[in-house]
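There are 2 protein chains.
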Amino acid sequence: MSGAAYVAGDWGTSNLRLYLCASDGRVLERRTGQGVAALRAAGSPDWTGVIKGATAGWDERLPVLLCGMVGADIGWQRVPYLPCPVDTAALAQACVPVPGTRVRIVPGLSCTNLHGAYDVMRGEETQVAGALRLEPRLRAGRHLLCLPGTHAKWAWLDAGSVTGFVTGASGELYALIQQHSVLVRAAAARPTDAGFAAALLQLDRHPQAAFAQLAFECRARQLAGEFDADTAAGYLSGLLVGSEVRAVLAEGGRPGEPVVLVGEAALCAAYGTALRHHSVPSHLLAGDDCVQAGLHAFIREELPRENP
Amino acid sequence: MSGAAYVAGDWGTSNLRLYLCASDGRVLERRTGQGVAALRAAGSPDWTGVIKGATAGWDERLPVLLCGMVGADIGWQRVPYLPCPVDTAALAQACVPVPGTRVRIVPGLSCTNLHGAYDVMRGEETQVAGALRLEPRLRAGRHLLCLPGTHAKWAWLDAGSVTGFVTGASGELYALIQQHSVLVRAAAARPTDAGFAAALLQLDRHPQAAFAQLAFECRARQLAGEFDADTAAGYLSGLLVGSEVRAVLAEGGRPGEPVVLVGEAALCAAYGTALRHHSVPSHLLAGDDCVQAGLHAFIREELPRENP
Numbered sequence: 001m002s003g004a005a006y007v008a009g010d011w012g013t014s015n016l017r018l019y020l021c022a023s024d025g026r027v028l029e030r031r032t033g034q035g036v037a038a039l040r041a042a043g044s045p046d047w048t049g050v051i052k053g054a055t056a057g058w059d060e061r062l063p064v065l066l067c068g069m070v071g072a073d074i075g076w077q078r079v080p081y082l083p084c085p086v087d088t089a090a091l092a093q094a095c096v097p098v099p100g101t102r103v104r105i106v107p108g109l110s111c112t113n114l115h116g117a118y119d120v121m122r123g124e125e126t127q128v129a130g131a132l133r134l135e136p137r138l139r140a141g142r143h144l145l146c147l148p149g150t151h152a153k154w155a156w157l158d159a160g161s162v163t164g165f166v167t168g169a170s171g172e173l174y175a176l177i178q179q180h181s182v183l184v185r186a187a188a189a190r191p192t193d194a195g196f197a198a199a200l201l202q203l204d205r206h207p208q209a210a211f212a213q214l215a216f217e218c219r220a221r222q223l224a225g226e227f228d229a230d231t232a233a234g235y236l237s238g239l240l241v242g243s244e245v246r247a248v249l250a251e252g253g254r255p256g257e258p259v260v261l262v263g264e265a266a267l268c269a270a271y272g273t274a275l276r277h278h279s280v281p282s283h284l285l286a287g288d289d290c291v292q293a294g295l296h297a298f299i300r301e302e303l304p305r306e307n308p
Numbered sequence: 001m002s003g004a005a006y007v008a009g010d011w012g013t014s015n016l017r018l019y020l021c022a023s024d025g026r027v028l029e030r031r032t033g034q035g036v037a038a039l040r041a042a043g044s045p046d047w048t049g050v051i052k053g054a055t056a057g058w059d060e061r062l063p064v065l066l067c068g069m070v071g072a073d074i075g076w077q078r079v080p081y082l083p084c085p086v087d088t089a090a091l092a093q094a095c096v097p098v099p100g101t102r103v104r105i106v107p108g109l110s111c112t113n114l115h116g117a118y119d120v121m122r123g124e125e126t127q128v129a130g131a132l133r134l135e136p137r138l139r140a141g142r143h144l145l146c147l148p149g150t151h152a153k154w155a156w157l158d159a160g161s162v163t164g165f166v167t168g169a170s171g172e173l174y175a176l177i178q179q180h181s182v183l184v185r186a187a188a189a190r191p192t193d194a195g196f197a198a199a200l201l202q203l204d205r206h207p208q209a210a211f212a213q214l215a216f217e218c219r220a221r222q223l224a225g226e227f228d229a230d231t232a233a234g235y236l237s238g239l240l241v242g243s244e245v246r247a248v249l250a251e252g253g254r255p256g257e258p259v260v261l262v263g264e265a266a267l268c269a270a271y272g273t274a275l276r277h278h279s280v281p282s283h284l285l286a287g288d289d290c291v292q293a294g295l296h297a298f299i300r301e302e303l304p305r306e307n308p
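Top to bottom, those sequences are chains A and B.
Read in our numbering, the first sequence has 229 at position 229, and its numbers run on one by one without any break.
Read in our numbering, the second sequence has 25 at position 25, and its numbers run on one by one without any break.
Now the structure itself:
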């Protein structure tokens, strides 16, 4: 396609999202494909063949830059985690070529988090780079980003570098409990705002309570007729998200600027609600926009070498 | 069988355990059968037929006393939860006859727990009554009992009455995460003491951390090579059990007497370890012994009316 300069891709556990892009980052064409987990489940994947099929008809000479679980041990090629602090330029320079192809894979990030534990992200580093590109004000000063998802990442920026982050598995725990446990009795429950708000208040009243105790309230309050299944689901969500927010504000410090939420709107809204409960403002950047902008930011560092 | 005075049974979600007992509570014969959940899954159960089959050959005139989920909405007949405070005599008097049978079902207990929330137990009330029978010292003064399980119950006794309790769904959450999540990567992991101890120390260092954050360490520390799957499983167990213990001691007050652990030995040992970490002694009563003793305590209140 005329004007195409590179192929960008987010190859995660569940999906492959490919973008044919112009040199200014404009998306000319989008395609989707199978995620890393489905390919692995089907046997030993022919990664080269999959990417060739997915980009069929596009200029084969274009560089391809991929982020996400494609660089994990379950992916195409294991690409390292760069230890924080890391800036966008360092990430771009550390993209790893896949031998015999025009594909490069973005590295992940690692850090020692605010609990003194080793922590990792893979895929979100590209969204952070995209947020820095889309919001130039984030390149100076200190900022807090929150990237909700299966494993939510809270990342601290200082002068454009990721200085550290912490992961909360709230998304995964919510899905597990909702699907498999007796605590929320409806598999198709739609979490209510009222349940979510009730959980935030309960966390204020009993900050020392164990999650396993408060989670049981989802069941007992349904038995009592206080909650329906949707309210119980909202309560569960509020317990998980609210606990993450409380911990980040208490241990990471209150941010001086609005928290930047990066991701899917409904999930970000839940984190925004919990932040607002603690009088912390936030605003939203769409996750897909940030992935594209981040891959473009890395490519800009790469392109001069590819197409001088 | 000669000397048989009653049939006692613990009919829970997963198992039916029946005991043919002498008037002094001695067990003359044991039988097992399907739990309530399996019977429900197979269609609309013929409860009378099941109990008739399970007691075949025993004197049909004997009274049968059952505790557990048989009295829940998924069981034979819904039997109420008695609001705390409740003593053994009140429980015995509130056992509900199943019309047209010689079966009675023990009620559950409800309370407003230390988090101000409605809470319930069903089955454990019988173990508490059994502990009171087996350890007469518990009938005076204030005591704290812990009954680990899928949904662990911590019950406060005052002068032989259950004044309140709190439930922690640690057992269920551990099983869910172990079986279905990416946080612990081996389905057959055997939790290590080292992992358990590491979690207790982490909770000391970061009491404000969210469970969803600390749980993610199970995964990240495996990626870092710090943990193997067994240590990650131990860490997960330590996070769950340790958080319950911390909350109970902080919000319920430190008990003046050793905590009485009632249940299966390995699970009780984990709670004992977490209590000892906070310099709180504990000792163990076997769960099965307590069920039998509790049903016997209730029957003693019933028998004079049945066999004057």
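In this text, a Cβ means the ideal position worked out from N, Cα and C, and glycines have one as well.
Proximal chain A residues relative to residue i, where beta-carbon distance stays under 8 Å
i                : result
Glu244 (chain B) : Ala210, Ala212 and Gln213
Ile177 (chain B) : Leu173 and Leu176
Glu226 (chain B) : Tyr118
Own chain partners of residue i with C-beta closer than 6 Å, once the 5 adjacent residues on each side are dropped
i                : result
Leu39 (chain B)  : Pro45
Asp87 (chain B)  : Gly160 and Ser161
Gln277 (chain A) : Residue 277 (chain A) is actually His in this sequence, not Gln. Hits under 6 Å: Leu200.
Ala94 (chain A)  : Leu82 and Pro107
Tyr6 (chain B)   : Cys21, Leu62, Pro63 and Ile299
Gly238 (chain A) : Phe196, Ala199 and Leu200
Chain A contact residues for residue i, given Cβ-Cβ distances below 9 Å
i                : result
His277 (chain B) : Under the 9 Å cutoff, chain A gives no residues; its nearest Cβ is about 15 Å from His277 (chain B).
Gln77 (chain B)  : Neighbours of Gln77 (chain B) on chain A: none; closest Cβ ~16 Å, over 9 Å.
Gln34 (chain B)  : The contacting residues do not exist; Gln34 (chain B) stays about 18 Å from chain A at best.
Glu202 (chain B) : Before going on, a small fix: residue 202 (chain B) reads as Gln here, not Glu. Here the neighbours are His115, Gly116 and Ala117.
Proximal residues to residue i (C-beta, below 8 Å), its chain only, five neighbours per side dropped
i                : result
Phe342 (chain A) : Nothing in the structure corresponds to residue 342 (chain A), since chain A is present only between 1 and 308.
Gln178 (chain A) : Val184, Ala187, Ala189, Ala233 and Leu236
Thr112 (chain A) : Tyr118, Asp119 and Gly164
Pro207 (chain B) : Arg246
Val27 (chain B)  : Tyr19, Leu20, Cys21 and Gln292
Within-7 Å CB hit, residue i to chain B
i                : result
Ser170 (chain A) : yes
Arg40 (chain A)  : no
Arg221 (chain A) : yes
Asn307 (chain A) : Per-residue confidence for Asn307 (chain A) stands at a pLDDT of 40, beneath the threshold of 50, marking its modelled position as unreliable; no derived number is given.
Cut-off 7 Å between Cβ atoms - residues of its own chain near residue i, not counting five sequence neighbours on either side
i                : result
Ala131 (chain B) : Leu138, Leu145, Val260, Val262, Leu285 and Cys290
Thr150 (chain A) : Gly171 and Glu172
Thr13 (chain A)  : Gly35, Val36, Ala37 and Met69
Pro281 (chain B) : Pro258
Short CB-CB distance (under 7 Å) between residue i and chain A
i                : result
Glu217 (chain B) : yes
Val166 (chain B) : yes
Ser44 (chain B)  : no
Gln127 (chain B) : no
Ser181 (chain B) : yes
Ala140 (chain B) : no
Glu251 (chain B) : yes
Trp11 (chain B)  : no
Chain-ordered chain B contacts of residue i [CB-CB under 8 Å]
i                : result
Arg205 (chain A) : His115 and Gly116
Per-residue contacts from residue i into chain A (C-beta, under 7 Å)
i                : result
Val120 (chain B) : Ala220 and Leu223
His151 (chain B) : Phe216
Ala247 (chain B) : Gln208, Ala209, Ala210 and Gln213
Partners in chain B for residue i, counting only beta-carbon separations shorter than 7 Å
i                : result
Leu240 (chain A) : Ala212
Gln292 (chain A) : Those do not exist, as Gln292 (chain A) stays about 27 Å from chain B at its closest Cβ, beyond 7 Å.
Inset, instruction - Would you be able to state if there are at least three C-beta pairs under 8 Å between the stretch 287-296 of chain A and the stretch 124-140 of chain A? - result: yes
Inset, instruction - Count the C-beta pairs between the stretch 189-204 of chain B and the stretch 223-232 of chain A that are closer than 8 Å, then say yes if the count reaches three, no if not. - result: no
Legend entry - Sufficient close CB pairs (3 or more, under 8 Å) joining the stretch 98-107 of chain B to the stretch 225-244 of chain B: no
Legend entry - Sufficient close CB pairs (3 or more, under 8 Å) joining the stretch 5-18 of chain B to the stretch 56-65 of chain B: Using a Cβ-Cβ distance cut-off of 8 Å, the stretch 5-18 of chain B and the stretch 56-65 of chain B are in contact, since at least three pairs of beta carbons, one from each stretch, lie closer than that value.
Inset, instruction - Can you check the stretch 107-162 of chain B for any beta strand (DSSP E) of at least 3 residues that lies completely inside it and give the ranges in chain order? - result: Correct list: 108-112, 118-121, 142-147 and 152-158.
Legend entry - Unbroken stretches of the alpha helix (DSSP H), 4 residues or longer, contained in the stretch 53-100 of chain A: Runs of the alpha helix (DSSP H) inside the stretch 53-100 of chain A: 88-93.
Inset, instruction - Jot down the residue ranges of each uninterrupted alpha helix (DSSP H) in the stretch 174-214 of chain B, minimum 4 residues, whole runs only, in chain order. - result: Listed in chain order, they are 193-205.
Inset, instruction - Could you pull out every unbroken beta strand (DSSP E) segment of at least 3 residues lying fully inside the stretch 242-303 of chain B, listed in chain order? - result: 259-263 and 282-286
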